[in-house]
Amino acid sequence: MSELRFSDVSVRYGNRRRGMTAVDGVSLTVPDGAVVGLVGESGSGKSTLARAAVGLTPLSGGEILLDDRPLRHTAGPRPVQMVFQDPYSSLDPRMTIGDSIAEAVPRGTRSADRRTEVARLLELVELDPSRSVAYPGQLSGGQRQRVALARALAARPEVIIADEITSALDVSIQGTVLNLVRRLQAELGTSMLFISHNLAVVRYVASEIAVMYLGRIVEHGPTAEVLADPQHPYTRDLLAAVPDSTPGRPAAVAADPALAAVAAAEPADPHAPPPGCRYHPRCPIGPLVHADREICRTTEPGTDHRHAAACHFAPAGRSLLTIAD
Amino acid sequence: MTTAPMTSSPLVATAEPVRRSAARGRWLSVLRTPVGAGAGLLLALVLLLAVFAPLLWRDDADTIDTESVLQGASGQHWVGTDNLGRDLLFRVLVATRLSIGLALVATLIAVVVGLVLGTAPLLLGRRGGRLVTAGVNIAVAFPGLLLALFFAVVFGVGMTGAVLAIGFAGAPSFARLTQTLAAGIADRDFVAAARIAGVGRTRLLLRHVLPNIGEPLVVNATIGAGGALLSFAGLSFLGLGVQAPSYDWGRLLQDGLSGIYIHPEAALAPGVAIVVAGLAFNLFGEAVAKGIGLTTTLSGTATTASRRRETVPAEVVDDGRPVTDPGLVQGRPVLDVQDLSVAFQGPDGPVRPVRGVSFRIGRGEAVGVVGESGSGKSLTALAIARLVERPGEVTAERLEFMGTDVLSGTDRTHRRLLGTAFAMVFQDPMTSFNPTRRIGRQLAEVAEQHQGMSRKIALARAVDRLRAVRVPAAERRAHQYPHEFSGGMRQRAMIGMGLMGEPKLIVADEPTTALDVTVQRQVLDLLASVRAADDVALLLISHDVAVVGQVCDRVLVMYAGRVVEDLPAAELTTGARHPYTRALVATVPDMHIDLDRPLPVIPGRPVDPAHQPPGCAYAPRCPLASARCVEEDPALVDDGSGRRVACWHAGEIAADLEVPGAAPVALISGERA
């Protein structure tokens with residue numbers, strides 16, 4: 003049993019006058035043995051949430067619970083491990099990959115056992131154990147990312163956080179890492195928070211999907227349902243933006259000037275989040291397009307919709323609530 | 018260049034010795050440079066003197082000879098004698114030990130104290146660390162001489178006080194350097210990963226931080242020793258350092274100075290000794306810094322950056338280079354490239370990351386270039402824009418833009434043509450603008466330079482162009498600085514800069530890779546509408562087949578520096594005939610991919626440009642490869658309809674559309690070592 007729960011977590015950087023709230027009251031549960039995909043654009047706070055979960059960033063509010071016990075970051079391997087985005091900077095260039103992995107093996111293990119454990123882990127991530135004496139500089143990006151995974155597994159974690167682990171890799175290599183993640187997850191049953199900006203990747207790996215915008219979760223539900231029937235306009239926007247290899251897509255610039263303005267809107271500045279619904283300056287169903295929807299500017303939407311969508315005008319709205327339950 | 022990257026499967030077992038010797042090789046290569054060799058020799062000489070001079074000549078130096086007091090240079094006393102008739106040459110030589118020794122002790126104090134203070138913030142945690150940092154910051158500003166005088170008061174005038182003074186005076190700057198370097202390393206992901214893995218602070222410092230900052234610290238300590246030597250001579254000269262009867266160079270200098278008009282040798286000899294020894298330390302430090310300091314820490318980044326400049330076996334160079342058909346285009350092409358190559362001089366002969374690329378772009382046509390990293394696609398774009406810097410060498414049978422040969426001819430005519438009719442958009446919009454100048458001015462500069470517009474008209478045009486690329490509130494934003502623009506807006510401004518002239522061709526190198534998906538779509542739409550509005554041709558370089566397929570009419574697929582297929586974008590998913598193109602298309606995860614099957618991958622890894630195989634470069638990763646593929650490189654041939662492909666087995670297994678081009682074996686363990 004290992005369930006990771008974020009309960010009303012807030013992370014603030016900087017001081018009171020000139021700071022920013024990167025994560026603002028996020029509640030999210032990664033159920034035991036499940037993979038939850040977290041999507042959102044840069045600046046939405048997904049990486050901050052990840053760093054908070056492994057104790058690299060202190061919380062300014064709320065708490066993170068592992069199996070209903072507050073997570074403590076004491077000495078020794080932490081029960082929540084993380085795999086970083088850039089495999090070129092996440093491995094010490096001066097250390098053999100074997101040493102890097104061995105370092106994460108819980109202390110008190112005899113050195114012979116440590117070595118067999120390293121070999122086992124390399125084997126597990128489909129690398130030749132004889133490469134444990136290699137330095138990261140001798141490995142390709144994909145291989146480095148496997149080493150990073152092996153290191154995370156070495157600490158025998160209960161939850162793994164994967165922060166954009168494929169976005170620094172070539173598309174042709176990306177698949178090998180994703181296949182590995184799926185296989186390991188199926189074999190070991192580790193719970194996982196899988197962060198990515200690529201919906202297609204998340205769809206492939208995660209059973210649940212949570213969408214983050216400007217420090218808040220705006221929609222959360224089973225992957226298939228969220229992707230098939232997105233409730234929040236931001237989720238729909240993300241989905242529409244996924245490039246499809248089918249050519250000849252009609253130009254998205256709509257004839258309606260209001261819609262065009264929305265389509266060309268800039269992402270909001272996390273240092274100065276807009277009042278009311280944070281998505282309203284970019285929302286195609288918000289006050290910019292529908293003049294009567296002033297409520298979006300003034301009032302924060304609740305999340306009592308399908309997929310907990312934080313939108314006043316989630317299309318299916320309350321009428322579908324019964325089906326959702 | 019750091020460790021042997023990317024090429025190492027046979028090196029597996031010997032990895033460690035290889036690396037060790039690489040480190041040793043780096044030090045040796047420092048000694049091989051003229052400056053390094055000279056400085057090394059000088060330093061060795063000085064150190065040898067420091068050890069042996071007192072053993073050999075102490076008696077000579079201390080022999081008092083009242084017969085010959087304060088003499089000038091003579092055959093017997095080469096630089097004369099002092100007021101007790103002691104030979105000054107021997108005294109200078111013997112003084113080497115004390116001078117060097119004191120300088121080294123002072124440096125040691127500076128390094129040790131500096132290291133302790135510099136690494137303390139890491140060990141103490143946030144609050145304590147901040148306190149130490151603040152303390153060091155104040156100490157850095159404190160003048161060293163004042164400190165020396167202070168210690169002279171505390172310890173009395175003499176050696177101890179001087180050594181401590183110089184040591185402590187040097188410590189803050191060393192601490193500061195250590196702090197900065199350590200903070201840079203501590204921010205890196207591998208340190209965070211180690212912390213998550215439960216590695217304690219001390220161990221973190223010893224195993225991860227110090228090894229990665231060691232080399233620059235050693236270099237600085239060496240230079241610091243030179244500085245300490247000079248300071249010590251200075252203190253002794255002022256009478257604050259070594260006291261009689263001991264003597265060092267500074268002391269000798271002071272003694273000699275009184276008679277400088279009578280026999281200047283007495284002051285010159287210790288002066289020369291100080292200069293030589295100081296130079297030896299400083300030059301050696303500089304030489305080492307140049308040789309290793311810059312390449313020390315980060316094999317990761319260095320590897321990617323230098324990958325294309327790796328070595329090549331010389332015999333491959335002009336082998337099997339097929340002359341390729343540039344393809345058909347209606348009317349006069351905007352860009353006509355034939356047999357374009359880019360070569361870099363590697364240590365073992367030229368490396369050619371782009372090899373014989375040929376294509377044409379028609380008016381208003383959008384052509385995409387796709388390939389994995391290292392395929393030479395970006396370098397091709399740079400070569401077209403004439404942005405490949407020395408030592409890179411661009412050759413081509415033909416490289417014509419708007420009918421003008423841009424390969425030969427003067428730079429000025431190119432600049433004018435490229436400046437007005439050609440636009441380039443780079444991947445990282447942050448680095449392509451000057452951060453200290455307003456966006457509007459940077460755009461206006463283009464028109465002032467190339468179209469001779471006045472400042473005011475140019476700025477008005479800049480605002481107009483910003484509006485054209487749909488930058489909201491263009492008037493106001495033209496007066497903003499690049500950092501006030503979001504990534505997507507900067508990319509728009511970059512496109513707007515290209516539109517300042519009347520571009521006939523926009524070359525966009527991964528313009529959306531650094532952007533979020535929603536913004537990516539906006540930028541792609543903008544490129545499409547600019548193209549439609551002004552009939553501008555577009556060369557879009559991307560690793561993302563989906564992006565290229567969406568925007569372009571035609572796609573060039575590059576592998577190992579060569580175009581392997583040229584096909585209409587509409588046929589990417591259905592009509593690709595090269596197994597690499599099919600594999601590339603298949604590996605892009607889209608929203609319809611089968612969740613119950615593993616993702617298709619391309620097994621193996623891209624070819625190192627330094628080690629191009631004689632046959633088809635894709636053969637080692639290709640499920641269709643036969644003996645012929647390994648031996649003979651297929652030429653890029655036109656099938657008559659404008660589609661070109663370079664493959665001996667073009668179009669085979671076209672029926673297997675489910676996982677095109679990727680053999681089932683390859684599905685799971687793609688690049689298993």
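Sequence lines, in order, name chains L and R. One gets the numbering used here by counting positions in the first sequence from 1 and adding 2 to each. One gets the numbering used here by counting positions in the second sequence from 1 and adding 17 to each. Where is the CB? At the ideal position from N, CA and C, for every residue including glycine.
DSSP on residue i, reduced to helix/strand/coil?
i: glycine 178(R); result: helix
i: phenylalanine 8(L); result: strand
i: isoleucine 66(L); result: strand
i: tyrosine 105(L); result: Per the sequence presented here, residue 105(L) reads as glutamate, with tyrosine not at that position. Helix.
i: histidine 307(L); result: coil
i: glycine 27(L); result: strand
i: tyrosine 215(L); result: strand
i: tyrosine 236(L); result: helix
i: valine 235(R); result: helix
i: proline 283(L); result: helix
i: glutamine 83(L); result: strand
i: glycine 42(L); result: coil
i: cysteine 313(L); result: coil
i: glycine 515(R); result: helix
Is the Cβ of residue i closer than 9 Å to any Cβ of chain L?
i: aspartate 206(R); result: yes
i: alanine 165(R); result: no
i: histidine 560(R); result: yes
i: glutamine 537(R); result: yes
i: valine 618(R); result: yes
i: valine 111(R); result: no
i: leucine 510(R); result: For the record, residue 510(R) in the displayed sequence is alanine; it is not leucine. No, alanine 510(R) does not count as interfacial toward chain L.
i: serine 658(R); result: no
i: proline 596(R); result: no
From the options, pick the residue whose C-alpha is nearest to that of residue i; which is it?
i: leucine 434(R); options: Pro520(R), Leu140(R), Thr113(R); result: Pro520(R)
i: histidine 595(R); options: Asp583(R), Pro606(R), Gln355(R), Leu163(R); result: Asp583(R)
i: serine 658(R); options: Pro233(R), Ala306(R), Gly592(R), Ile183(R); result: Gly592(R)
i: leucine 143(R); options: Asp99(R), Arg507(R), Val122(R), Ala203(R); result: A small correction: the amino acid at residue 143(R) is arginine; leucine does not occupy that position in the sequence shown. Checking every option, the nearest Cα to that of arginine 143(R) belongs to Ala203(R).
i: arginine 407(R); options: Val359(R), Ala461(R), Val354(R); result: Val359(R)
i: tyrosine 206(L); options: Leu40(L), Gln140(L), Ala316(L); result: Leu40(L)
i: valine 486(R); options: Leu532(R), Ala550(R), Val463(R); result: Ala550(R)
i: isoleucine 240(R); options: Leu555(R), Ala56(R), Val602(R), Pro452(R); result: Ala56(R)
i: arginine 19(L); options: Pro72(L), Ala242(L), His273(L), Gly110(L); result: His273(L)
i: leucine 416(R); options: Gln567(R), Ala78(R), Ile401(R); result: Ile401(R)
Using a Cβ cut-off of 9 Å, pull out every chain R residue sitting near residue i, in sequence order please.
i: glutamine 83(L); result: Ala210, Ile213, Ala214
i: aspartate 231(L); result: In chain order: nothing, as chain R lies at least about 14 Å away.
Looking only at its chain, what residues have a beta carbon closer than 6 Å to the beta carbon of residue i, apart from the 5 residues adjacent to it on each side?
i: leucine 691(R); result: Lying before the first or after the last residue shown, residue 691(R) is absent from chain R, which here runs from 18 to 690.
i: cysteine 313(L); result: His234, Pro303
i: alanine 158(R); result: none
i: proline 637(R); result: Gly621
i: glutamine 328(L); result: The requested residue 328(L) does not occur in the structure, where chain L is confined to residues 3 to 327.
Is the Cβ of residue i closer than 9 Å to any Cβ of chain R?
i: proline 108(L); result: yes
i: leucine 93(L); result: yes
i: histidine 307(L); result: no
i: glutamine 87(L); result: yes
i: threonine 192(L); result: no
i: asparagine 17(L); result: no
i: arginine 80(L); result: yes
What residues in its chain sit with their C-beta under 8 Å from that of residue i, if we drop five residues either side in the sequence?
i: glycine 310(R); result: Reliability of the predicted coordinates at glycine 310(R) is poor, the pLDDT of 47 falling under 50, and the value obtained from them is presented with this limitation in mind. Taken in chain order, the residues that qualify are Glu232, Pro233, Val236.
In chain B, which residues lie with their C-beta within 9 Å of the C-beta of residue i?
i: isoleucine 610(R); result: Among the protein chains in the structure shown, which are L and R, there is no chain B.
Can you pull the chain R residues whose beta carbon is under 7 Å from the beta carbon of residue i, in chain order?
i: valine 56(L); result: Ile213
i: glutamate 43(L); result: Asp533, Thr535
Closer than 9 Å by beta-carbon distance: list the chain L residues that pair up with residue i, in chain order.
i: asparagine 229(R); result: Asp94, Pro95, Arg96
i: leucine 601(R); result: Val173, Ser174
List the residues of chain L whose Cβ lies closer than 7 Å to the Cβ of residue i, in chain order.
i: proline 606(R); result: Ala202, Val203, Tyr206
i: serine 390(R); result: Asp172
i: arginine 622(R); result: Ser142
i: leucine 198(R); result: Those do not exist, as leucine 198(R) stays about 14 Å from chain L at its closest Cβ, beyond 7 Å.
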